[in-house]
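A.B. asks: No gaps in the numbering here: position 230 of the sequence shown is 217 in our numbering, and each next residue is one more.
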Amino acid sequence: MAHLVDEIKSSFRSGNVITRLIMVNLAVFLVCLLARLIFVFGLQDKAEAHEAFLSFISWIAVPYDIVELLFKPWTLITHMFVQYDFWHLFWNMILLFMFGKIFMSILGQSKILAVYVYGGFAGVALSMIFHYAFPGLPIGNSAIGASAAICAVMFMITATVPNYELNFILIGPVKIKYILLVLVVFDLLNIANLDNMGGHVSHLGGSAFGYWFFLRDRQGKNPAGGFNRLISVFSPRKGKRSNLRKTPGGKRRFVPDEDYNLEKKSKEEELNAILDKIGKSGYESLSKDEKDKLFRYSQDQ
């Protein structure tokens, strides 16, 4: 047992952002499952066990009631890692893995956690707006699930490379923009049918944020900057930005700030040109040199 725990810890420490997000979601699911079993065997009554479990969930689901939220501020974070239905968890993690993998291969991993967390916030915000604006509709009283956060990740990368293709058994290659279109239509149909309205509205909130993040990022605004600085306070300190560059002979030379910034701007323009090419013609249209540059950029982020 101790060996298994050590192995899990090692996998978490060495894993990328997507791996860690999936592991956290899985861990919370298992905690919820354990709580459910405790209530079932402890109370031995289906109705009472269900009520006890809902009471437990209320401490990690984000409430739409603003006054209640003031006394449970942590739920703004915890809710986006909670899935107690297996299939809800399964499909969310499949989508996070598929689109997260594309995200990291194209843009690196420095922005993905910010998109995930802010997307979760955006989903809650839109659901709360609908909760108060349309009190007669069954929006619900609280929100749980990673769906809005994952929608933000999906929309961010799809807006960046809409013609990127995923291969599916029996279907073949499908452009990710069409996958997103189907998911949005599915959300709209469920909202029209008054089915889990709060959840599907939050998906649209996360999706809208993902697209907004894309627009700001392409303008060079880096919406993830503030979030990453906050996270860095609680993370092991890394080395500061290096102005040292290697010469062809292997020696290091100092690059002035002005030259460093010009070099950085040139790389960003080159990256945007590559991303535009992917958006228009797909990833396979890139030359080997362009793919290598994109890979190096993703590793630097």
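Glycine included, every Cβ here is placed at the ideal spot set by N, Cα and C.
Have a look at F43 and G107 and give me their C-alpha separation to the nearest angstrom.
C.D. replies: Here residue 43 refers to the residue found at position 56 when the sequence shown is read from its first residue. Here residue 107 refers to the residue found at position 120 when the sequence shown is read from its first residue. The alpha-carbon atoms of F43 and G107 are separated by roughly 21 Å.
A.B. asks: Using CA coordinates, which residue listed in L57, E257 and P50 is at the minimum distance from G207?
C.D. replies: Position 220 of the sequence shown, counted from the first residue, corresponds to residue 207. Comparing Cα positions, the closest option is E257.
A.B. asks: Report the three-state DSSP secondary structure of F121 (helix, strand or coil).
C.D. replies: As a first step, residue 121 must be located in the sequence shown, where it is residue number 134. Correct three-state label for F121: coil.
A.B. asks: Helix, strand or coil, according to DSSP, for S274 in the structure here?
C.D. replies: Taking the sequence shown and counting its residues from 1, the one referred to as residue 274 is at position 287. Correct three-state label for S274: coil.
A.B. asks: If you run the structure through DSSP and keep just helix, strand and coil, what is N154?
C.D. replies: For this step, residue 154 is matched to residue 167 along the sequence shown. In the structure shown, N154 sits in a strand (DSSP, three-state: E or B).
A.B. asks: Can you give me the Cβ contacts of M80 inside the same chain, cut-off strictly under 7 Å, excluding the 5 residues immediately before and after it?
C.D. replies: In the sequence shown, the residue the question calls residue 80 occupies position 93. I9 and N12.
A.B. asks: Rounding to the nearest angstrom, what Cα-Cα distance links D72 and I156 in this structure?
C.D. replies: Position 85 of the sequence shown holds residue 72. Position 169 of the sequence shown holds residue 156. If I take the Cα positions, the gap works out to 26 Å.
A.B. asks: Can you tell me where the beta strand (DSSP E) holding G159 begins and where it ends?
C.D. replies: Indexing the sequence shown from 1 puts residue 159 at position 172. G159 to K162 is the extent of the beta strand (DSSP E) around G159.
A.B. asks: Just checking my contact of G132 with G186 at CB under 8 Å: how many whole Å lie between their CB atoms?
C.D. replies: In the sequence shown, counting from the first residue as 1, residue 132 sits at position 145. In the sequence shown, counting from the first residue as 1, residue 186 sits at position 199. Confirmed, Cβ separation roughly 7 Å.
A.B. asks: Can you pull the DSSP bridge partners for S42?
C.D. replies: Here residue 42 refers to the residue found at position 55 when the sequence shown is read from its first residue. For S42, which the question treats as bridged, DSSP gives no partner whatsoever.
A.B. asks: So if DSSP puts A130 in a beta bridge, which residue, or which two residues, is it bridged to?
C.D. replies: Taking the first residue of the sequence shown as position 1, residue 130 is located at position 143. According to DSSP, A130 bridges with V49.
A.B. asks: Can you grab the Cα-Cα spacing for the pair M91 / F200, in whole Å?
C.D. replies: As a first step, residue 91 is located in the sequence shown; it is residue number 104 there, counting from the start. As a first step, residue 200 is located in the sequence shown; it is residue number 213 there, counting from the start. If you take the alpha carbons of M91 and F200, they lie about 16 Å apart.
A.B. asks: Is the CB-CB distance between V49 and S129 below 8 Å?
C.D. replies: Locating residue 49 in the sequence shown gives position 62, where the first residue counts as 1. Locating residue 129 in the sequence shown gives position 142, where the first residue counts as 1. Yes, they are a contact pair.
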